[in-house]
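Engineer: I'd like to ask some things about the structure below.
Numbering (my numbering), first residue to last: 12 to 146.
Written out as structure tokens, the structure is:
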């Protein structure tokens, strides 16, 4: 399935000409799998160690130490893993991790999440509050 012509025209105006073809190809590739450690239930380094030992190809996110991404072919294995099933790892788009980081709630604060579905950012906000405060 091709991309809409109007989209391609706009893309051509926004992206340097030498990168347009690469950009278009990227839309047809399966996305990487973003995830983060639920620090309310697990220690980051312990989870990372376990995932590496299980053969997952972790790539770390420089702007969020609790986050990582995996190649798309590891999605199903991660979803079936003990870490996701046990709640220690939450699969979430990297872009969805940004709002709680920008808000940066501190323990003891009151936070109102008006867009809480399915709840990934809410869980991330709860981790920021470290069990102290109201969400």
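Note that the Cβ used here is the ideal one computed from N, Cα and C, for glycine as well.
Who are the Cβ neighbours of residue 123 in its own chain at under 7 Å, not counting the five residues just before and after it?
Structural biologist: No residues qualify anywhere along the chain.
Engineer: Assign residue 59 to one of two classes, buried (16 or more other C-beta atoms within 10 Å of its C-beta) or exposed (fewer than that).
Structural biologist: Buried.
Engineer: Which stretch, first to last residue, makes up the beta strand (DSSP E) that contains residue 79?
Structural biologist: Element bounds for residue 79: 78-81.
Engineer: Is DSSP giving residue 45 helix, strand or coil here?
Structural biologist: Residue 45 falls in the strand class under three-state DSSP.
Engineer: Could you give the residue range of the alpha helix (DSSP H) that holds residue 35?
Structural biologist: Segment 31-37, the alpha helix (DSSP H) holding residue 35.
Engineer: When burial is assigned at 16 or more other CB atoms within 10 Å of the CB, is residue 79 buried or exposed?
Structural biologist: Buried: at least 16 other Cβ atoms inside 10 Å.
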